[in-house]
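Enquirer: Take this structure, written in structure tokens, and hold onto it; I'll ask about it next.
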């Protein structure tokens, strides 16, 4: 069954803070929310950003971010060029929120580090109710953010779409090379979860093949607050560059063999090897000649990716790996967290350790201090690691690391 | 703004091969190629020229570099310019070393030479502007050298491509999403042409010889898990540690959770804090000792945080810890990683 994504212009956007406030009032763990509509190129720095979501609604009344049923069927409306960004000015000292900054600049040199500066941004700055820590506010913040994205898309129900994108994998010539996408999703415990239909991915029975349209239609949501630069925010699933490229190329230069979702951060050496072997087996099941393997977050998720790469190559499936480098600025060799000799075709999402030049915004929203204590306005250079999705390891952005 | 230029004896007008033994010398203002460079500098004046004979530099490198750097620093320049040295090996080497030393001392520096000049690889953080292979390339080289030197003096980052790559990896907009680049790489690999955007050249550590008899061996505990005494008295960092630490075991047989904690910033430390032996397995090692399967245990454990640590720094930590262990007669290490 085909999936249709109807595009509506950003000019339909109307923000009614009252309605968002009402959503917050229904959440015991949240005290309040500040709602700001930011135009592209505003002199604003957003800090402590958790997630980014594109406004979506389904004309048939089904949930845009479903926790049951199947996404990626029928029609969904999207508001083009709009993002809902959520921030929390963190209470307490819990990890990872207390340590790992997440910045979006709406102008200045950092505007190129994320895609959001060219969009209309509805920024939600949440405050926790007294006594509620990070884990307690995470689910309510995500709920309100996703629901707000749905509310903001409501005007599309009464409008005519500018364009309808159609996603369907029809029959293609047998001689085209079959290419699968193996997309890693984090599950390292609370505040490090990606969600599949509302369930942490570690409990979703991965690795498994899913309809690629499900990813584009709200089946995946981010609750993963590890290093901001290496994060996969929800909007990057909704507008996934890899899945969309493979749909486009289907029948042209290749056959899209399927989307395989895998968990990152398997917790033991044995678990990692088993999961890697299973992912390779699933790639074989969909008769993939090649697998593009993407990465989520940093640290030992990179080991999962490398073991998966090796397992695929040993099973006869050629691989390309997408990941961010973590090369210190004085090093004259690229540095990766992990590497296997089979990883001979790597796409670099950029060097997380490199810095975006200093910039002083007129306004800061989300929290006045960066988690390292610097004043957010006059912080000086900020590393790509700290910009939301900047060195995205699904290959969402135009950035890469180059030798200079 | 002020520049100091480095030249060899020949370009400084001190003589040819006969003057190659000239020790470090200071000359007022611009000399030789500096007269051509001056007009293409933007708001920068060459206030002094420092020179040295090529042979002298080669034979007394350490001393010559020290004296040249002192002469340079005395001028408090905004930028140091070395050469152009074109294809000349000895001169190019000296230019690169002088520029590199200035850069290491915090003075922006640029040398100019042919891309195959052996000096190219020893300039450290200094920039190198490419030139022709011989002095005929002077006219073309000076405007490029002047533009880059002016940018450095003004505190601007030079444009990519205006100098020879130093090997550093920087994040840039490459004009096409990584996902589409991945599809291209995949199709090309499936056609038998494997390409990569990351040239991997990682060192491979050869495993050491096995310990002949563990029951006779002195064994030590080392970790990068960020395990420290409760309260982190020596302020070990949770990320990008600047130091490693050692703590006495005082005959203890396990690490009590009330006395030790984990400050590592790269994973959820709840289980580690519940039982620090999960980081440093003193409990199990003590059992092995009692069973006679390990000869004896070194009386202190070594710890740091392995999280975002530059490889060069981690390598140095390893060398320092290993030196101390070897001096203490340790024959084997339990190295617990996270």
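Protein chains in written order, with this note's numbering: chain A, 1 to 404; chain B, 1001 to 1338. C-beta: ideal position from N, C-alpha, C; glycine also. Computed from a prediction, not measured in an experiment: that's the story for all the values here.
#1: For residue 299(A) and residue 337(A), I'd like the C-alpha separation in whole angstroms.
#2: Looking at residue 86(A) and residue 51(A), is the spacing between their C-beta atoms short of 8 Å?
#3: Taking buried to mean at least 16 other C-beta atoms within 10 Å of its own C-beta, is residue 1206(B) buried or exposed?
#4: Would you say residue 1033(B) and residue 1011(B) are within 8 Å of each other, going by their C-beta atoms?
#5: Report yes or no: do three or more beta-carbon pairs, one from the segment 53-68 of chain A and one from the segment 234-242 of chain A, lie closer than 8 Å?
#6: What does residue 289(A) touch in chain B if you count any residue whose Cβ is under 7 Å from its own?
#7: In chain order, what are the residue ranges of uninterrupted alpha helix (DSSP H) at least 4 long that sit wholly in the segment 1150-1177 of chain B?
#8: Grouping DSSP H, G and I as helix and E and B as strand, with all else coil, what is residue 1113(B)?
#9: When DSSP labels each residue in this structure, what does residue 423(A) get in the three-state scheme?
#10: Taking 8 Å as the CB-CB cut-off, is residue 77(A) touching chain B?
#11: Cβ of residue 1183(B) less than 8 Å from any chain A Cβ?
#12: Using alpha carbons as the reference points, say which of 1090(B), 1042(B) and 1028(B) lies closest to residue 1079(B).
#13: At 9 Å on the CB atoms, spell out the chain B contacts of residue 322(A), in chain order.
#14: Taking only the alpha-carbon atoms, compute the straight-line gap between residue 1227(B) and residue 308(A) and give it to the nearest angstrom.
#15: I want to check one thing, is the minimum distance from the CB of residue 148(A) to the heavy atoms of the ligand GDP below 7 Å?
#16: Over what stretch of residues does the beta strand (DSSP E) that includes residue 1036(B) continue unbroken?
#17: For a test of the three-state rule: what should DSSP assign to residue 261(A), helix, strand or coil?
#18: So with CB distances below 8 Å, who are the chain B contacts of residue 391(A)?
#19: How far does the alpha helix (DSSP H) with residue 140(A) in it reach, from first residue to last?
#20: Given that a residue counts as buried once 16 or more other Cβ atoms are within 10 Å of its Cβ, and exposed if not, what is residue 268(A)?
#21: Going by the CB atoms, is the gap between residue 1183(B) and residue 1331(B) shorter than 8 Å?
#22: How about residue 394(A) and residue 1141(B): are their beta carbons less than 8 Å apart?
#23: Which stretch, first to last residue, makes up the alpha helix (DSSP H) that contains residue 1098(B)?
#24: Who does residue 184(A) pair with in a DSSP beta bridge?
#25: Counting only beta-carbon atoms, is residue 1187(B) nearer than 8 Å to chain A?
#26: Taking all protein chains shown into account, do 16 or more other C-beta atoms lie within 10 angstroms of the C-beta of residue 223(A), making it buried, or fewer, making it exposed?
#27: For residue 318(A), which residues from the same chain have a beta carbon less than 7 Å from its beta carbon, with the 5 sequence-adjacent residues on both sides left out?
#28: Taking contact to mean 3 or more Cβ pairs, one atom from each stretch, closer than 8 Å, check whether the segment 359-366 of chain A and the segment 101-121 of chain A are in contact.
#29: Tell me which residues of the segment 1009-1043 of chain B have at least one Cβ-Cβ distance to chain A shorter than 9 Å, keeping chain order.
#30: For residue 249(A), would you say it is in contact with chain B, using Cβ-to-Cβ distances shorter than 8 Å as the test?
#31: By the three-class DSSP mapping on this structure, what secondary structure does residue 208(A) have?
#32: Could you round the C-beta distance between residue 1264(B) and residue 1309(B) to whole angstroms and report it? I think they count as a contact, below 8 Å.
#33: Which chain B residues are close to residue 396(A), counting only those with a beta carbon under 9 Å from its beta carbon?
#34: For the segment 1206-1239 of chain B, list every residue whose C-beta sits within 8 Å of some C-beta in chain A, in sequence order.
#35: Counting contacts by CB-CB distance shorter than 8 Å, is residue 1168(B) in contact with chain A?
#36: Residues of chain B with CB under 7 Å from residue 327(A), in chain order?
Expert: So, to answer that:
#1: Numbered from its first residue, the first chain carries residue 299(A) at position 299. Numbered from its first residue, the first chain carries residue 337(A) at position 337. Whole-angstrom Cα-Cα distance: 6 Å.
#2: Taking the first residue of the first chain as position 1, residue 51(A) is located at position 51. Taking the first residue of the first chain as position 1, residue 86(A) is located at position 86. Yes, the Cβ-Cβ distance between residue 51(A) and residue 86(A) is below 8 Å.
#3: Residue mapping note: residue 1206(B) aligns to position 206 of the second chain, counting from 1. So residue 1206(B) ends up on the exposed side.
#4: The residue given as residue 1033(B) occupies position 33 in the second chain. The residue given as residue 1011(B) occupies position 11 in the second chain. Closer than 8 Å, so yes.
#5: yes
#6: Residue 289(A) sits at position 289 when you count from the first residue of the first chain. By Cβ distance, chain B contributes 1190.
#7: none
#8: Numbered from 1 along the second chain, position 113 holds the residue referred to as residue 1113(B). Strand at residue 1113(B).
#9: Not covered by the structure: residue 423(A). The range shown for chain A is 1 to 404.
#10: Translated into the one-based positions of the first chain, residue 77(A) becomes position 77. No, no contact with chain B.
#11: Numbered from its first residue, the second chain carries residue 1183(B) at position 183. Yes - at least one Cβ of chain A is within 8 Å of the one on residue 1183(B).
#12: Your numbering for residue 1079(B) matches position 79 in the second chain. Of 1090(B), 1042(B) and 1028(B), the residue nearest in Cα terms is 1042(B).
#13: Here residue 322(A) refers to the residue found at position 322 when the first chain is read from its first residue. The contacting residues are 1178, 1179, 1181 and 1182.
#14: Taking the first residue of the second chain as position 1, residue 1227(B) is located at position 227. Taking the first residue of the first chain as position 1, residue 308(A) is located at position 308. Straight through space, the alpha carbons of residue 308(A) and residue 1227(B) are spaced by roughly 31 Å.
#15: This structure lacks the ligand GDP, and indeed carries no ligand of any kind.
#16: Here residue 1036(B) corresponds to residue number 36 of the second chain, with the count starting at 1. Run containing residue 1036(B): none in the beta strand (DSSP E); it sits in the alpha helix (DSSP H), 1033-1037.
#17: Reading the first chain from its first residue, position 261 is the one you call residue 261(A). Correct three-state label for residue 261(A): strand.
#18: Position 391 of the first chain holds residue 391(A). Chain B residues near residue 391(A): 1171.
#19: Here the question's residue 140(A) lines up with position 140 in the first chain. Residues 134-152.
#20: Reading the first chain from its first residue, position 268 is the one you call residue 268(A). Residue 268(A) is exposed by the Cβ-count criterion.
#21: Here residue 1331(B) refers to the residue found at position 331 when the second chain is read from its first residue. Here residue 1183(B) refers to the residue found at position 183 when the second chain is read from its first residue. Going by C-beta atoms, residue 1331(B) is not nearer than 8 Å to residue 1183(B).
#22: Along the first chain, one-based indexing puts residue 394(A) at 394. Along the second chain, one-based indexing puts residue 1141(B) at 141. Contact flag unset, no.
#23: The sequence position of residue 1098(B) within the second chain is 98, counting from 1. Note, residue 1098(B): alpha helix (DSSP H), 1089-1104.
#24: Your numbering for residue 184(A) matches position 184 in the first chain. Answer is 262(A), bridged to residue 184(A).
#25: By 1-based counting over the second chain, the position of residue 1187(B) is 187. True, the Cβ-Cβ gap to chain A drops below 8 Å.
#26: Taking the first chain and counting its residues from 1, the one referred to as residue 223(A) is at position 223. Looking at its Cβ environment, which holds 16 or more other Cβ atoms inside 10 Å, residue 223(A) is buried.
#27: Numbered from 1 along the first chain, position 318 holds the residue referred to as residue 318(A). 289 and 290, listed in sequence order.
#28: Because the criterion of three Cβ pairs below 8 Å is met, the segment 359-366 of chain A and the segment 101-121 of chain A touch.
#29: none
#30: Residue numbering aside, residue 249(A) sits at position 249 when the first chain is read from its first letter. Cβ-Cβ to chain B under 8 Å: yes for residue 249(A).
#31: Taking the first residue of the first chain as position 1, residue 208(A) is located at position 208. The answer is strand: DSSP assigns residue 208(A) an E or B state.
#32: On the second chain, position 264 is the one that residue 1264(B) refers to. On the second chain, position 309 is the one that residue 1309(B) refers to. About 11 Å; that fails the 8 Å criterion.
#33: Reading the first chain from its first residue, position 396 is the one you call residue 396(A). Per Cβ cutoff of 9 Å: 1177, 1178 and 1179.
#34: 1238 and 1239
#35: As a position in the second chain, residue 1168(B) is number 168, starting the count at 1. For residue 1168(B), the answer is yes, since a Cβ of chain A falls inside 8 Å of its Cβ.
#36: As a first step, residue 327(A) is located in the first chain; it is residue number 327 there, counting from the start. The answer, in chain order, is 1169.
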